[in-house]
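Okay, structure first, notes after.
Number of protein chains: 2
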Amino acid sequence: MAYRATARTEARRAEVRERILRSARALVGERGFAGVSMLALARGAGIATGTLYRYFPSKTDLCVELFRLATRREVEAVRAAMAAPGVATAKLARGVEMYGERALRSGRLAYALIAEPLAPELETERLRYRATWREIWAAVIAAGVDAGELPPQPVAFTAAAIVGALAEAVVPSPEVPHSDVTLSSRARIEASVNFILNAVNGNYGVEHGQS
Amino acid sequence: MAYRATARTEARRAEVRERILRSARALVGERGFAGVSMLALARGAGIATGTLYRYFPSKTDLCVELFRLATRREVEAVRAAMAAPGVATAKLARGVEMYGERALRSGRLAYALIAEPLAPELETERLRYRATWREIWAAVIAAGVDAGELPPQPVAFTAAAIVGALAEAVVPSPEVPHSDVTLSSRARIEASVNFILNAVNGNYGVEHGQS
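Chains A and B, in that order, give the protein sequences. Take 1 as the starting number for the first sequence in full-length UniProt numbering and just add one per residue. Take 1 as the starting number for the second sequence in full-length UniProt numbering and just add one per residue.
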């Protein structure tokens, strides 16, 4: 009896927790992390504020958990897109496309993850997130260089530049709109793929005595 | 007499203000904005804390002023490097080189301006700063496209991608060092120029049916 009661309680707890995180994801997607309040979260999840605090002791704890969940999904989707066989440039194109499609579909969530000014605890998560992206792009580029599909290059540098280019150019800031807001999502994704494939492929500097 | 006294007072005020800002610049260059305190600033400028507050009512006011001053200098140096005649790619190479040289010479100051997590008032300054960089790169690229020196491209998008690539790759974060910390400053600047010239010049996507 005691065991079954515990199992039921556990299942119930997991369900409420899931509901809270879904509500948080929706809120962040609308207003960014800055627009999240414990009151709005409790309302969105259909629970009392006191109950919410029993699941997450603070807004920051909840946001850190949400940040981890959301970024893990992005990373997994891009990794999966690049796992299928192909040359490095094809993998890179698929990965950047997946990144762009998901970012542009997620509304304000992508901006919140990538660029919204955050509390220090979340900034730490974001540094980890950007480091993960650097590793992902670096792995593909390094394999391409090893296979002779890409010219030799400082791989870690290239990977960091890709992380920065995607973070700044794919998702416009809602506060300071880019002058290119008229670019459609499709055009924006194509521009990302072109920019990055050119950057990793070219030998312009070498040709023109820049290096 | 009254006039001369006022002129002397003004000159004295300007001198103290200048000294405070120099002290602030040195502090940020060592510890970032997070390491700045009114006490340390007053000590650095050789004045009492009370006097410091008469010049800058808060640490944030002072940091905003410093942010503006420091970024204006960066922007002017890069603009000047690109003002001399030349084709778009040569200007771009000169501009990126100047950006990289100054950033890598300034120690932690460049990281503080570009990427250190900041108070919201400073984040607003940074958004303006990044918008200014986008305009600067966009102007050079647009002129190059118009002159037929660069292939047609979504200029505002390209400019934003350059801002992001430079921000992420040129100046490593002191908290989470890149895996490419062994890259020398010279190699890092060359890598930046190559990455960006390739990105704006190439037609890889078009050639390979990516666009």
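Note that beta-carbon positions come from the ideal geometry of N, C-alpha and C, so glycine has one too. Because the structure is a prediction, the values reported are computed rather than measured.
| field | The alpha helix (DSSP H) enclosing Ser106 of chain B, as first and last residue numbers | value | Where Ser106 of chain B is concerned, there is no enclosing alpha helix (DSSP H), given that its DSSP letter is neither H nor E.
| field | Neighbouring residues, chain A, relative to Pro120 of chain B (Cβ below 8 Å) | value | Pro117
| request: Look at the alpha carbon of Trp133 of chain A and the alpha carbon of Val140 of chain A, and state the distance between them as a whole number of angstroms. | output: 11 Å
| query | Can you tell me whether DSSP reads Tyr120 of chain B as helix, strand or coil? | reply | In the sequence as presented, Tyr is not what sits at residue 120 of chain B; that position holds Pro. Three-state result, Pro120 of chain B: helix.
| said: What would DSSP say about Ser184 of chain A, mapped onto helix, strand or coil? | reply: coil
| field | Assigned secondary structure, Ser23 of chain B (DSSP; H/G/I helix, E/B strand, else coil) | value | helix
| message | Assess contact between the segment 22–29 of chain B and the segment 44–57 of chain B, defined as three or more Cβ pairs (one per stretch) separated by less than 8 Å. Is contact present? | response | yes
| Residues that Thr6 of chain B contacts on chain A, provided the C-beta gap is smaller than 8 Å | The premise fails here: Thr6 of chain B is roughly 41 Å from chain A at the closest Cβ pair, so nothing lies under 8 Å.
| query | Within 7 Å (strictly less), CB to CB, does Leu183 of chain A reach chain B? | reply | yes
| message | Using a Cβ distance threshold of 8 Å, determine whether the segment 95–104 of chain A contacts the segment 74–83 of chain A, with at least three qualifying pairs required. | response | yes
| query | Between Gly164 of chain A and chain B, is there a C-beta pair that is closer than 7 Å? | reply | yes
| query | How is the alpha helix (DSSP H) around Gly50 of chain A delimited, first residue to last? | reply | Thr49 to Tyr55
| task | Compare the Cα-Cα distances from Leu52 of chain A to each of A:Arg128, A:Ala90 and A:Met38 and report the closest residue. | result | A:Met38
| said: Against chain A, which members of the segment 129–155 of chain B pass a CB distance test of less than 9 Å? | reply: Arg130, Ala131, Arg134, Glu135, Ala138, Gln153, Pro154 and Val155
| field | Assigned exposure category for Ala115 of chain B - 16 Cβ within 10 Å defines buried | value | buried
| task | Determine the chain A residues that contact Gly202 of chain B at a beta-carbon separation under 8 Å, and present them in chain order. | result | Asn194, Leu197, Asn198, Ala199, Asn201, Gly202 and Tyr204
| Whose Cβ in chain B lies nearer than 7 Å to the Cβ of Arg105 of chain A? | Under the 7 Å cutoff, chain B gives no residues; its nearest Cβ is about 18 Å from Arg105 of chain A.
| said: With distance defined between alpha-carbon atoms, name the residue in A:Arg188, A:Thr49 and A:Ile196 nearest to Ser163 of chain A. | reply: The residue asked about is misnamed: residue 163 of chain A is Val in this sequence, not Ser. Minimum Cα distance to Val163 of chain A is reached at A:Ile196.
| Mapping DSSP to helix, strand and coil, what is Ser192 of chain B? | helix
| request: Identify which residue in A:Ala119, A:Leu69, A:Val200 and A:Ala160 has its Cα closest to the Cα of Ala34 of chain A. | output: A:Ala119
| Got a sec: is the Cβ-Cβ distance from Thr9 of chain B to anything in chain A below 7 Å? | no
| field | Nonlocal neighbours in the same chain, by C-beta distance under 7 Å from Arg188 of chain A, ignoring five residues either side | value | Gly100, Leu104 and Val170
| query | Going along chain A, which residues have a C-beta under 7 Å from Glu15 of chain B? | reply | Per Cβ cutoff of 7 Å: no residues; Glu15 of chain B is ~35 Å from chain A at best.
| said: Here's the rule I'm using: 16 or more other beta-carbon atoms within 10 Å means buried, otherwise exposed. How should Arg54 of chain B be labelled? | reply: exposed
| task | With a 10 Å radius around its C-beta and 16 neighbouring C-beta atoms as the bar for buried, classify Leu122 of chain A as buried or exposed. | result | buried
| request: Could you tell me whether the segment 143–151 of chain B touches the segment 83–92 of chain B, where touching means 3 or more Cβ pairs closer than 8 Å? | output: yes
| said: Pro154 of chain A and Ala93 of chain B - do their beta-carbons sit closer together than 7 Å? | reply: no
| request: Could you spell out where the alpha helix (DSSP H) holding Phe33 of chain A opens and where it closes? | output: Counting along the chain, Phe33 of chain A falls outside any alpha helix (DSSP H), and DSSP gives it neither H nor E.
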